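Residue numbers (this note's numbering), protein chains in the order written: chain D, 3 to 234; chain R, 3 to 234; chain C, 4 to 226; chain B, 4 to 226.
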């Protein structure tokens, strides 16, 4: 009945080469570092992945460690890659594909995916290169971009607290893309800084209902982050 | 700086005859009874209103009291009217117009309205009378209903707790349509069962951010509900 | 609960598999939780805003801040989550509800469901019924076998406005279980103890014959 | 902060009206809260997930669970609300952000903004900049008057890919304030103390002459 599992067990059960993986986090906040470290440590098991993440992390950190494994990541869908010059180099060298989407539309595409909405209209980026080639629909007397939903095979989240049923809670600004990714992926792994018994979280405080969550795994020591902090 | 006001003051400042009013609640839970009572008690001040509410309440209760004032409500947009036979009679007699929408789409139309999304695609009710006459758009190889957003001039919510900045919190199942209506209306009045000082609610627990809220008013004694309970 | 109701409710409860997320329509379906074995691993979703129905109220004062979609005061189990209507229907359309157990006016042999209006007589509004009928991964209808005019619940073609087409996979009555594969026709798969196939077919359309042997009738009590 | 930066930051801060909800872009705009009078009634929205920025960190250990959109550890004020990215951008597109204060590579006299990429040189991604530029009720750009090549921030037509067309209403530099009405052209409206109109027009396109008298330069310090 408990959804608590291990990082290795949950990832090996959920992730296949070729999958689209939604990865929570904004900057260093709310990133499932233990999960990304495990994937980065096993580049032969997990290949040709499409990653969907707000940003490209920093070199060697989070998904930044995965980019260093040739062939592990084939594409990144993101909103901001400015803090990872290493990845920008790989993108420019066409080693890894990259699709950049305005952040609110990135969130909204995932939201539509999780909410069973196949597409929606909006006008963000209209008249800029971002809208070039996009299908438009006339509505209410003007054209709008028809934006498709975005879903993932697996969602990797990092919560501050999760119970054994998968109900999850985030502190401060760690929530960011995590909740919507927890709705938009078929299989959802919540890496929790704290795993608490059922009944600890008030029902009103739950940010992501456990019915969306497949497995809860403990956040590990965050090796890469510690290394980076030591280097700084 | 405090948004705390009175029911009469806030409603008189916000509501004009002819307005579209979003009213929170599901059944008897989360209904801004003090606000609806005030509107029902002043039928000459507030006329020709379009109400948007999950359900039609019960006869004489909530918006059910407003239907009893000829000319106060010209239309109801709702998902369920089964507990108000009085309103069904008025609808059948064409005294008040009624538009019925599937509940999830009702919520989603308001959500789009609040989120600045003009329209979205879905397939709820496809192949039923609900979809008749609706515009469809082909996407991903099949037709979908193109559903427009829904917004209101005024939102009337009932929260269990709100602070002086308008941050609001709901207990149990009282949240229902309240949050989305708080996003989708131009002016938002939160009737609060408890008004607390700023800083009482943890930032993570806020269900509706205060930046959406115009005024916070104290929930009164709920006269109509008491009368109904006494009659039962 | 009448003995007939108990029989069909217990048989319907048998359709719930451990770990499922289940939504219950108003009326008969709400009687199902009470017949499940204690500790059975199921999460009940209520479209007005929670997942994790608790045990029935035993006396005490009802908490009117925790209601189900029919407006009844209920309880939450430990580990329940509350949410707003938008999230609630995102879960439904997003495929998080494994099973919806609904009532019906009519179910067609092709799985069409009519349960929301009777033109000229009953126009309560569809509530969240269309989303549930269309988007739950599986739809089970529970109903008395015959209506008060002696007509069976299954029909060749629904005469009432549809809630959703081709959505019903299983119909459980106090006499029989009918089931269809996606895209297929309803077939008789089980008959209540002590009843004949003729009892099970009373009032129903032609052509519902079982394709193989009938399954034993297993109520939840026997699990 | 250099004296020039302080001058322009204080002048930009003057554009914030009491009660406003304001979003600050990364870089120069994040220096604005520090120059506002204590207790000034403003709510800062940060698109990564909160409304209600608190006072600057004074020593102590930064709380890395509370960061702004630039990734810096910040504080929350009493009455702040945290939310997820979906809600955050719903607020932006829904018109709840009264003012966005952004940096820019180029601003055109028609209010076009280019601040997200320099083809072949800088491709960091647009983050939430397009939504803010397009959907904040008003967009203020703060920038040094001239770039390192001596070119003014205002241009006739942006040479870089746009963030949003016609979105900028006001440009504040350390020398001048330029403003345009919706659909109109940028005009010089104020010149920093001790500077001439010629100083204010240095490096800028032709045709920015004030339509009436220049406004006095009011920094936030004088309020």
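Cβ atoms here follow ideal geometry from the backbone N, Cα and C, with glycine treated the same way. All values derive from a computational prediction rather than experimental measurement.
8 Å contact criterion, which residue i and residue j should meet: CB distance rounded
i	j	result
residue 7 (chain D)	residue 217 (chain D)	4 Å
residue 11 (chain C)	residue 201 (chain C)	Contact doesn't hold; Cβ gap of about 19 Å is too wide.
residue 74 (chain R)	residue 48 (chain R)	6 Å
residue 104 (chain C)	residue 169 (chain C)	At roughly 18 Å, the Cβ-Cβ gap does not stay under 8 Å, so residue 104 (chain C) and residue 169 (chain C) are not in contact.
residue 31 (chain D)	residue 169 (chain D)	With 8 Å as the limit, residue 31 (chain D) and residue 169 (chain D) do not qualify as a contact, their Cβ atoms being about 20 Å apart.
residue 104 (chain R)	residue 129 (chain C)	5 Å
residue 86 (chain B)	residue 211 (chain R)	6 Å
residue 130 (chain D)	residue 90 (chain B)	Residue 130 (chain D) to residue 90 (chain B), Cβ: 25 Å. No contact.
Opposing strand residues paired with residue i [DSSP bridges]
i	result
residue 101 (chain B)	The partner list for residue 101 (chain B) (beta bridge, DSSP) is empty, contrary to what the question assumes.
residue 26 (chain B)	B:48, B:103
residue 22 (chain D)	D:52
residue 139 (chain D)	D:146
For residue j and residue i, the rounded distance between their alpha carbons
i	j	result
residue 14 (chain C)	residue 206 (chain R)	44 Å
residue 213 (chain B)	residue 157 (chain B)	15 Å
residue 136 (chain C)	residue 171 (chain C)	8 Å
residue 31 (chain B)	residue 173 (chain B)	15 Å
residue 213 (chain D)	residue 231 (chain R)	36 Å
residue 61 (chain D)	residue 89 (chain D)	7 Å
residue 92 (chain R)	residue 226 (chain R)	20 Å
residue 2 (chain R)	residue 55 (chain R)	Shown here, chain R extends from 3 to 234; a query on residue 2 (chain R) therefore has no answer.
residue 225 (chain B)	residue 193 (chain R)	Residue placement at residue 225 (chain B) is flagged as unreliable, the pLDDT there being 43, under the threshold of 50; a coordinate-derived value is accordingly withheld.
residue 219 (chain C)	residue 102 (chain C)	22 Å
residue 134 (chain D)	residue 107 (chain B)	22 Å
residue 14 (chain D)	residue 92 (chain B)	34 Å
residue 45 (chain B)	residue 19 (chain B)	8 Å
residue 184 (chain D)	residue 190 (chain D)	6 Å
residue 63 (chain D)	residue 145 (chain D)	41 Å
residue 36 (chain B)	residue 17 (chain B)	11 Å
residue 137 (chain R)	residue 179 (chain B)	51 Å
residue 12 (chain D)	residue 44 (chain D)	14 Å
residue 199 (chain B)	residue 142 (chain B)	26 Å
residue 68 (chain B)	residue 210 (chain B)	48 Å
residue 118 (chain R)	residue 115 (chain D)	18 Å
residue 219 (chain R)	residue 98 (chain B)	23 Å
residue 151 (chain D)	residue 222 (chain B)	46 Å
residue 57 (chain R)	residue 87 (chain R)	12 Å
Beta-carbon neighbours of residue i, restricted to chain C and to distances below 9 Å
i	result
residue 185 (chain D)	90, 93, 94, 97, 99
Per-residue contacts from residue i into chain R (C-beta, under 8 Å)
i	result
residue 81 (chain B)	200, 201
residue 85 (chain B)	205, 206, 208
residue 173 (chain C)	Chain R residues near residue 173 (chain C): none, gap ~21 Å exceeds 8 Å.
Closer than 8 Å at the beta carbon, the chain D residues around residue i
i	result
residue 78 (chain C)	Simply none; closest approach about 11 Å.
residue 53 (chain C)	205
residue 25 (chain C)	Correct list: empty, because the minimum Cβ distance to chain D is about 10 Å.
residue 188 (chain R)	None at all; the shortest Cβ gap to chain D is about 18 Å.
Residue i beta carbon near the ligand ADP (any heavy atom closer than 7 Å)
i	result
residue 16 (chain D)	The ligand ADP is not part of this structure, which contains no ligands at all.
Partner residues on chain R for residue i, Cβ-Cβ distance less than 7 Å
i	result
residue 46 (chain B)	213
residue 205 (chain C)	Under the 7 Å cutoff, chain R gives no residues; its nearest Cβ is about 29 Å from residue 205 (chain C).
Within chain C, partners of residue i - CB distance below 7 Å
i	result
residue 165 (chain D)	82
Listed by chain order, chain B residues near residue i by CB distance under 9 Å
i	result
residue 117 (chain R)	89, 90, 92, 93, 94, 96, 97
residue 179 (chain R)	What residue 179 (chain R) touches in chain B: nothing, since even the nearest Cβ is about 16 Å away.
Interface partners of residue i on chain R, CB under 9 Å
i	result
residue 121 (chain D)	122, 123, 139, 141, 142, 146
residue 138 (chain B)	118
Residues that residue i contacts on chain D, provided the C-beta gap is smaller than 7 Å
i	result
residue 43 (chain C)	Chain D residues near residue 43 (chain C): none, gap ~10 Å exceeds 7 Å.
Interface residues of chain D facing residue i [CB-CB closer than 9 Å]
i	result
residue 153 (chain R)	Per Cβ cutoff of 9 Å: no residues; residue 153 (chain R) is ~13 Å from chain D at best.
Within chain B, partners of residue i - CB distance below 8 Å
i	result
residue 68 (chain D)	Within 8 Å Cβ-Cβ: nothing; residue 68 (chain D) doesn't reach chain B, min ~18 Å.
Listed by chain order, chain B residues near residue i by CB distance under 7 Å
i	result
residue 80 (chain D)	128
At least 3 beta-carbon pairs within less than 8 Å: the segment 47-56 of chain C vs the segment 66-80 of chain C: yes
Quick test of the definition: if touching needs 3 or more C-beta pairs under 8 Å, does the segment 137-153 of chain C touch the segment 191-210 of chain C? yes
Does the segment 140-160 of chain D come close enough to the segment 33-53 of chain D that 3 or more CB-CB pairs lie under 8 Å? yes
Three Cβ pairs or more, each shorter than 8 Å: is that satisfied between the segment 141-158 of chain D and the segment 9-27 of chain D? yes
Quick test of the definition: if touching needs 3 or more C-beta pairs under 8 Å, does the segment 121-129 of chain R touch the segment 111-125 of chain D? Segments in contact, yes.
Report yes or no: do three or more beta-carbon pairs, one from the segment 180-199 of chain B and one from the segment 111-121 of chain B, lie closer than 8 Å? yes
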